[in-house]
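Mapped onto UniProt numbering, the consecutive letters of the sequence shown carry residue numbers 1 to 106. Think of the CB as a built atom: it goes at the ideal place given N, C-alpha and C, for glycine as much as any other residue. In what follows, a structure is listed as structure tokens, so that the remarks can point back to it.
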Amino acid sequence: MTKLTFIAHDGTHFDVDAENGSTVMENAIRNAVPGIEAECGGACACATCHVYVDEAWTEEVGEPEAMEEDMLDFAYDVQPNSRLSCQIKVRDALDGLVVRVPARQG
């Protein structure tokens, strides 16, 4: 299992064990992380699973693809480290990944 840490807007930490091949968003929903709405269910058709990838992890996580960049236009308070969590696949190399949930979703 790969360890993920979600930090809610209020600073609460949610440490979860995630299966490789799942998405960061799926793990947020399974573990009731507040602030991840995932209205489209992971189809990259909304921006309600927006997260900020911790700076130490941005290179490993990688850049968003074109479709995700288009959807990020609808997200709230987009930063250079913004990603849609439905587009981040869990893998061994992401063990220890930290993401922060914004104050609200788009």
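Cβ neighbour criterion (16 or more within 10 Å) applied to residue 83: In the sequence shown, the residue the question calls residue 83 occupies position 83. Under this definition residue 83 is a buried residue.
How long is the line joining the alpha carbons of residue 57 and residue 98, rounded to whole angstroms? Your numbering for residue 57 matches position 57 in the sequence shown. Your numbering for residue 98 matches position 98 in the sequence shown. Cα-Cα distance, rounded: 7 Å.
Look at the alpha carbon of residue 21 and the alpha carbon of residue 89, and state the distance between them as a whole number of angstroms. By one-based count along the sequence shown, residue 21 stands at place 21. By one-based count along the sequence shown, residue 89 stands at place 89. Residue 21 and residue 89 have their C-alpha atoms spaced approximately 6 Å apart.
Any idea if residue 103 is buried or exposed, counting beta-carbon neighbours within 10 angstroms, 16 or more meaning buried? On the sequence shown, position 103 is the one that residue 103 refers to. With fewer than 16 Cβ atoms within 10 Å of its Cβ, residue 103 is classed as exposed.
Taking C-beta to C-beta, are residue 60 and residue 94 nearer than 8 Å? The residue you call residue 60 lines up with position 60 of the sequence shown. The residue you call residue 94 lines up with position 94 of the sequence shown. In this structure, residue 60 lies near residue 94, with their beta-carbon atoms less than 8 Å apart.
With a floor of 4 residues, list each alpha helix (DSSP H) that falls wholly inside the UniProt domain "2Fe-2S ferredoxin-type" (2-105), ordered by position along the chain. Segments of the alpha helix (DSSP H) lying fully in the UniProt domain "2Fe-2S ferredoxin-type" (2-105): 24-30, 58-61 and 66-72.
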